[in-house]
Each structure stands twice: as structure tokens, then as C-alpha cells.
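What follows is a single structure, written as C-alpha cells, with notes after it.
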Amino acid sequence: MRADPDATDMLALRVPHSSPQQVVDIASRLAGCPVAAYTIDLDGSCAIRLAGDEERFPSHINAPLGVGPELPLESLPALRSFVSDLLGDGVVVAMVVRDRIMGFLVARGQPAQDLEPFAQQAGLALEVASGYTDAIHAVRRRKQIQPAAEIQQNLLPPRLAQVAGAKLAGGVLPGYDVGGDLFDYASNIEGLWLVVADVSGKGNAAAALASLALGALRAGRRGYVGLESTAQTVHESIRDADDSGRFMTAVIALWEPQRHQLRWVNCGHPSPLLLRADGRLEELEDGRTYPLGLFEAQRDFQVAQATFAPGDRLILYSDGISERRRDDGSLFGPDGIHRVLSDNADASAAIIARALQDAIIGAASSPLRDDATLLVVTADK
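For the sequence shown, our numbering assigns the number 11 to the initial residue and increments by one for each residue that follows.
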């Protein structure tokens, strides 16, 4: 497709809040039929219309496929099926940004030309525009979000990623409330950094402390000081900032894919789970110490290690998952996680993450009262 002058104007982001309507206007002209643009809500369960004729296109499309506001590429056939069942003649074109679907176009009728090249431009333009306007973020929020949860959402990296040697998927539920958990990762020259953490308590104070802890974590990581010193930096930051007894549990890990070596420290957090390529499930119980922010200023952190080889799957999670109570009073626990993993043994990181989230939500009729946070890493075969 030849470059469209209006598309070039759109990418220039002169009026960021009007970018969704600009995308729809250009796409409709190129397609020769009505087009709407959709984004994904924070919980990954619903597509919401960003722009488009409200008489021709529904405001919401129930599509529980996302990991947060991102869809894995392999979910596109299922997404098309959802839209087809609802609209009949809807043609879905994904707006892909790197490794994930951030939204999609729906054409009512067969487009006059291939919309995929334009959709790639549009997806990138909307993601860039979201850094300059609240218009896109506001649509992704189907209900009022608590300030603590807003802080939390802004801390998180992309939920889906593909890096050298691995695929990742991370999520936090519920997306609109609570706010003390976080996950993070970074692919650096020394390896792949991974963390899942949980600040004690809930609400604004927990979210603020989580924000500080993440800053300390990234400062240590970007300073190339290693696992032990990075954990010490986070510990000191929490301890110095809060005198109310709050603390943070965390698993901070570093995976070196060339050596197939996983190293980690576990500060009072649920033990990581390693699902081997042959189906064996290992609970990585070594490297434990008490939570960050407690007791003496200078700490000794013992680094544990294990082999993390091609075909293996690593799951880091918070106690909001393992301590989720079913309606009969029993805990979801590591056994519940194992069952989900067994049912999705050959699935991607994104599918595993979504399956775990669905299992947690479906484990009880009551809403989640604690953050359920996870990070799934699959080592490429």
C-alpha cells in the first residue's frame, strides 16, 4: 500500500486526543466501508470501541482473551470468531505493536484494499499518542479505577513480550482496585531480569511504596550491581521511606539463557515454580530470607540457582493466587496452579497466563480481595 498523506499526518500526532477518530476516518476511506477501532480493557476481558459509528458498531465486545490490555498474537483467530458471531460481516484487522495486539480495526464489509499495513501504522500511532493524552487510557477503563490501582497500572511494563531465548506474559488482577503488587522484567546484556513483588497492606500507601521499590529495583539493575546489591538497594529504600512496619515480599531473579542458569533471591515470597519440558513440576524453595524493609539496615542475601533450559516454564506469582479461597473454603494453592499448567503444557506464556487468571477468577463466586499477580516465562526450544 502506498503511503497515505493523512496517515503521515496521523503519525505526526499533532492532536493526540483525536488520533482514534483520525485512524477510523483514514481506515474507512481506504476500505471503502465503515470501520471502527477497538482497544482492550485493563482486565483483558472486553474490547471497547475507541472510535466509529455507534449505530453500526457495538460499544463493547466480550472477548476474554487478553493479558491485561494486550492480546497475544495467537488469539487473533478466536477474536475474529467473537466478532463474527456478534456482527456477522465484521472483518478484523489487528493493530500489532511488536509482540502483542494493542487493539484492532473492524470493517463492516469487505475492505477495498488490504488494511494490515495501515493497521500497523495505526497501532504504533495510538500507542505513541497515549503518552500525550488520556483519551485512550480513559476508554480502556470500563469503570472507576482507584488511585492506588492507577499507580500500579502505570508501573507495569508491557504484559506480553518476546526477548532473546524466551517469551513472557505478566498480569495483575483485579485491574481496578487494590494496588500493592508489581511485576517487572528487563532483557540486558547480563541476562533476563525478572521480579514479582507484593507490598504489605493495600491502597494508596502500598501503591506508593511499590512505586518507590520499583524505582530502587531499576536503579540497582541499571547500575549493573548484581542480584544481592540490587536486593539491598530495594531493602534500604523501603526501610528508609516507611516507619510504619510495612515491608515487601519479592522474588528477584536473573536468567542467563546461554548458560541455562536461573539465579534468584526470595524475600519472604511464594516459591517460584518450574515446569520442566518433561512435565515435572519443581518448587524452587532455596534462596529464602525474610521480606525487604524489615530489621537491620545491612542484609545478607543468599543467591540460589537452578537450570532453566529450553522447553521449561517458570512461574512467579503472588500470594493473591495461592491464597485465593474457593467457595468450599479450600485454597487454590500451588496444586491449582499445577492443574492449570498440566492442562496447558504446550501453550505459550500468554495462554498460560490467561488460563491462570481465568482459573483464579472462576475459583470462587466472590471478587478478588487481594492482587493476583503472575509472571510466566517460557524458554524457547
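Even for Gly, the Cβ is constructed at its ideal location relative to N, Cα and C. Since the model is a prediction, treat every value here as computed from it, not as a measurement.
Inspect the CB distances between the region 315 to 329 and the region 45 to 52 and report whether three or more fall short of 8 Å. Flag = no, the region 315 to 329 and the region 45 to 52 do not touch.
Which term fits Y300, buried or exposed, when burial requires 16 or more other beta carbons within 10 angstroms of its beta carbon? Exposed: under 16 other Cβ atoms inside 10 Å.
Every unbroken alpha helix (DSSP H) within the region 21 to 81, with a cutoff of 4 residues, ordered by chain: Listed in chain order, the alpha helix (DSSP H) runs fully inside the region 21 to 81 are 29 to 41, counting runs of at least 4 residues.
Check the C-beta distance from A373 over to G330 and give it rounded, since I have them as a contact under 8 Å. G330 and A373 do not touch by the CB rule: their CB atoms are close to 11 Å apart, not below 8 Å.
For L89, which three-state DSSP category applies? The DSSP-derived three-state label of L89 is helix.
Could I get the ranges of all uninterrupted alpha helix (DSSP H) runs contained in the region 301 to 372, with 4 residues as the minimum, in chain order? The region 301 to 372 is shown to contain whole alpha helix (DSSP H) runs of 4 or more residues at 329 to 332, 343 to 353 and 359 to 372, in chain order.
If you draw a straight line from the alpha carbon of L378 to that of P74, how long is it in whole angstroms? Answer to the nearest angstrom: the Cα atoms are 17 Å apart.
Ranges of the alpha helix (DSSP H) found wholly within the region 113 to 158, counting only runs of at least 4: Counting only runs of 4 or more, we get 126 to 139 and 145 to 150.
Is it buried or exposed, A217, if we count other Cβ atoms within 10 angstroms and call 16 or more buried? Of the other Cβ atoms in all chains shown, 16 or more fall within 10 Å of the Cβ of A217; this residue is therefore buried.
Option in V313, H27, D390 and I248 with minimal Cα separation from A135: Ranking the options by Cα distance to A135, first place goes to H27.
According to DSSP, is E295 part of a helix, a strand, or is it coil? DSSP, read as helix, strand or coil, puts E295 in coil.
Between which two residues does the alpha helix (DSSP H) harbouring L232 extend? The amino acid at residue 232 is misidentified as Leu; the sequence shows Arg. Note, R232: alpha helix (DSSP H), G213 to R232.
Throw me the rounded Cβ distance for the A251 and L284 pair, which I believe falls under 8 Å. Rounded, the Cβ-Cβ distance is 33 Å, inconsistent with contact.
Straight-line CA distance for E84 to L264? Spanning the two alpha carbons is a distance of roughly 27 Å.
8 Å contact criterion, which F318 and H348 should meet: CB distance rounded: So it is not a contact: roughly 18 Å between Cβ atoms.
My understanding is that F128 touches I36, with C-beta atoms under 8 Å, so please give their C-beta distance in whole angstroms. Yes, F128 and I36 are in contact; Cβ-Cβ is about 7 Å, under 8 Å.
Enumerated in chain order, which unbroken segments of the beta strand (DSSP E) with a length of 3 residues or greater are wholly contained in the region 229 to 270? Whole beta strand (DSSP E) segments, 3+ residues: 258 to 266.
Backbone CA spacing between D194 and A241 [nearest angstrom]: Roughly 14 Å separates the two Cα atoms.
What are the start and end residues of the beta strand (DSSP E) that includes G278? Under the DSSP assignment, G278 falls outside any beta strand (DSSP E); it carries neither an H nor an E label.
By Cβ distance, which residues of its chain are closer than 7 Å to M11, with the 5 residues on each side in sequence left out? Low confidence applies here, because M11 scores a pLDDT of 42, under 50, leaving its location unreliable; read the following figure in that light. For M11, same chain residues with a beta-carbon under 7 Å away, outside a window of 5 residues either side, are Q123, D124, P127 and F128 in chain order.
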